[in-house]
Every structure is written in structure tokens, then in C-alpha cells.
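Here the sequence shown is numbered in the numbering used here, starting from 844 and rising by one per residue.
Note that beta-carbon positions come from the ideal geometry of N, C-alpha and C, so glycine has one too.
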Amino acid sequence: MNWDDIKIFLEVARAERLSTAAKRLTMDASTVSRRLHKLEESIGTKLFDRTQEGHVLTADGEMLLTSACKMEQDAQHALSNIHNNNEDNCGLVRIGVTEALGNFFVSPNLLSLQQQYPNIDVHLLLFSRYVKISRNEADIAIAVERPKSTSMIVSKLCDYKLQLYVHQDYLDKSFDKNLDRNVELHTQGITLDNLAEQKWVTYVDNLLFTDQLSYTKELNRYLDGELKANFSSTSIISQYFAIKSGLGIGILPCFLADQDKSLIKLHSQEISISRSFWLVTHPESKRLSHVNTVWQYLKQLVQEHEELLNPSD
């Protein structure tokens, strides 16, 4: 069996699309397809079902993936140890994380890690889906939902709070349909009774990869009627900029929104939503000193910034 063919198999399994895998491998899609067929012929089984949605692993493909990931991981660890002459805290750590926490919390707080451990390199990988640690997509994942896998090391990182935010522009220029003109609307004018009537910025609920990012049901408990989104996005960063532009009101993580002084909290005593982040890694990765150091650093980081993640007001 050709190891290069296994690497192609791994990339297609992760990308789930031939064209995407070919781009990552810097190969022609036709070459990738031919090599996959060659691999399937050599082991006498079908590894993928070719569908309109992409390449979906068969049962045999899933079995090979588990072993191939282990082979790849062992090789990477061995090469890393040889390259770094078995030095402690030396090497690359890939952190898979959601875009909000990655951009507004992890990335701005890596300077201290670099200063303490200059030989640790970090790749921050932003995902809008589950990070597949079992497929070696990252060394450490920060997940918004506790993984069900029992083969991974999982530890609760922290709880974090989300609240309702608005920009002053929305308050100043909210459109009053009854009067058919622009009127001044101050924070005291947005009550729990009329929240449902406001312009809302939300996620596209039917495209969420986890229910942990859906806040509609919880919000509806506070509303006189069900909210209707005027603007929705699959990206929390897009929602943030929409709210910041005065497009509407919406729920944002406090660690993101509280750093922007132009945003105003609404009904912070009445409306508060809590979620959790979870650290996930493979047992073999956790044994590496540089991976374990970053793991512990992330744990210490959330303790130091508890008030940003869980504000008391």
C-alpha cells in the first residue's frame, strides 16, 4: 500500500469534496480521483460513496480512516520529536475553535504564551462546525458542545454568558410604522413587552451545526410574541457588525460585545443566556509537552478573564 495514496484518502475524507481536497494537496482533481480508485482496487473495497453532496465514507472507509489517522499522528509525533531533539515545549500546536472565541479571545491573548514558550508555534484554525479531532484536524479543539466520543480527552474549559445588545444608532433612528416617520427611541423605550416588535439580528437556525448556538426558544420566553429576524447570518461576526451598524438588536457573547463600547446591553438583569466551552484532544497529543502546555495555558487564560466571559452586571 502506497502511503501517498493514504494521504490522499485522508484529505478527501476530511474535505468530503474532491475539488477541495485537490486544492489542499496542490494536485489535479482528476489525479486525486484516479489515485483513490487505484487505492480502492488495491485493497479490494469501496472507500467512498460518490454523491452530489460529495464523497461520503463507506463502513470500510471509516475503518481505514481510524487506522490512517493513527498512522499519520504517530508519524507526525515521531518527526516532531526528532526535529526538536526531544526538547520540551517545542513544536506546532493547532487549535480548532469557533470564530468568535478565536478572534476576540484566544488570538488577542497569545502574546504571553509566545513570551513564555518561544519555541511553541500556534496555528489558530477557525471552524463553523465540529472540529474532528479523531481525523487529526487539530491538536486541541475548543468545542461549544461536549463531545460524545469516549476515546478523546475532554475537559470543561469555562462557562460564558450571552446577552442582548443594540447600537445607539438603532435607538436613535428606529422606524415607527404607526407614525410613518423616524422617531427617537431610547433604551427605556425597548421594553420586554415590545421586544418582539423590534428588528432582530440572529443566526440562520436551520443551518446551525449545534443547538447550543440557537437562542430563539430561550428568548421567546421573555417576549410578548415570537421574534422575527430581519437579518440572519451563519456567522456571529456578521451578526456583530450588523448590530454595530444599527441594523437591529441581537444576542452576542459578552466576551465579544463588551469590548466594543459603542454597543449597549439591553435588559441584562432579565435576559441572560449561558453556554459552555469544552477542551478536546487526543490522548496521544496530550502526552506531548507543547500540546499539554497550550492546554494548560488556555485553562489559566479563562480563569484570568472570568469577568469578561461571565460579567457580573
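Residue i - partner residues in DSSP beta bridges
{"i": "Thr-894", "result": "Gly-897"}
{"i": "Ser-1117", "result": "Lys-1004"}
{"i": "Lys-1108", "result": "Tyr-1008"}
8 Å Cβ cutoff met for residue i and residue j
{"i": "Leu-1062", "j": "Asp-1101", "result": "no"}
{"i": "Tyr-1003", "j": "Pro-1096", "result": "yes"}
{"i": "Trp-846", "j": "Leu-1000", "result": "no"}
{"i": "Ile-938", "j": "Ile-983", "result": "yes"}
{"i": "Leu-1109", "j": "Ile-1094", "result": "no"}
{"i": "Ile-849", "j": "Ala-911", "result": "yes"}
{"i": "Asn-979", "j": "Leu-1144", "result": "no"}
{"i": "Gly-1089", "j": "Lys-1016", "result": "yes"}
{"i": "Arg-893", "j": "Leu-1005", "result": "no"}
{"i": "Val-1123", "j": "Ala-986", "result": "yes"}
{"i": "Leu-791", "j": "Ala-981", "result": "As shown, the chain starts at 844 and ends at 1156. That puts residue 791 outside it, with no answer to give."}
{"i": "Leu-890", "j": "Leu-907", "result": "yes"}
{"i": "Leu-956", "j": "Val-1137", "result": "yes"}
{"i": "Phe-947", "j": "Leu-1099", "result": "yes"}
Selection from the options that minimises the alpha carbon distance to residue i
{"i": "Thr-888", "options": "Arg-877, Gly-904 and Val-899", "result": "Gly-904"}
{"i": "Ile-886", "options": "Phe-852, Ser-1105 and Glu-1069", "result": "Phe-852"}
{"i": "Ala-1072", "options": "Ile-1080, Asp-1012 and Lys-1042", "result": "Lys-1042"}
{"i": "Ser-971", "options": "Asn-962, Ala-943, Gln-958 and Tyr-1058", "result": "Ala-943"}
{"i": "Leu-1066", "options": "Asn-1049, Val-1009, Lys-881 and Thr-1034", "result": "Thr-1034"}
{"i": "Gln-916", "options": "Val-1137, His-1148, Lys-1129 and Glu-1149", "result": "Lys-1129"}
{"i": "Gly-897", "options": "Ser-1132, Val-855, Leu-908 and Gln-919", "result": "Val-855"}
{"i": "Ser-1075", "options": "Tyr-1046, Tyr-1058 and Thr-1059", "result": "Tyr-1046"}
{"i": "Leu-1038", "options": "Tyr-1008, Asp-1048 and Asp-1012", "result": "Tyr-1008"}
{"i": "Ile-1114", "options": "Phe-1098, Leu-1099, Tyr-1140 and Tyr-1058", "result": "Tyr-1058"}
{"i": "Ile-1107", "options": "Leu-1141, Asp-1012 and Ala-865", "result": "Asp-1012"}
{"i": "Ser-1155", "options": "Asp-1036, Ser-1111 and Gln-959", "result": "Ser-1111"}
{"i": "Leu-1051", "options": "Phe-1098, Glu-988 and Leu-1014", "result": "Glu-988"}
Continuous beta strand (DSSP E) stretch holding residue i: start and end
{"i": "Tyr-1046", "result": "1043-1046"}
{"i": "His-966", "result": "963-969"}
{"i": "Arg-937", "result": "934-940"}
Three-state secondary structure assigned by DSSP to residue i
{"i": "Val-1123", "result": "strand"}
{"i": "Lys-1020", "result": "Unreliable positioning characterises Lys-1020 in this predicted model, as indicated by a pLDDT of 42, which lies under 50. The coordinate reading is nonetheless provided below. Coil at Lys-1020, not helix or strand."}
{"i": "His-1029", "result": "Residue placement at His-1029 is poorly supported in this model, since its pLDDT is 49, which falls under 50; the coordinates still yield a value, given next. Note: His-1029 maps to coil in three-state DSSP."}
{"i": "Asp-982", "result": "coil"}
{"i": "Ser-862", "result": "helix"}
{"i": "Pro-1096", "result": "strand"}
{"i": "Ser-1076", "result": "strand"}
{"i": "Val-949", "result": "helix"}
{"i": "Ser-998", "result": "strand"}
{"i": "Tyr-973", "result": "coil"}
{"i": "Tyr-1065", "result": "coil"}
{"i": "Asp-826", "result": "No answer is possible for residue 826: it lies beyond the span of the chain, which begins at 844 and ends at 1156."}
{"i": "Thr-1053", "result": "coil"}
{"i": "Thr-909", "result": "helix"}
{"i": "Gly-904", "result": "helix"}
Range covered by the alpha helix (DSSP H) that runs through residue i
{"i": "Leu-1144", "result": "1132-1147"}
{"i": "Ser-885", "result": "872-886"}
{"i": "Ser-955", "result": "954-959"}
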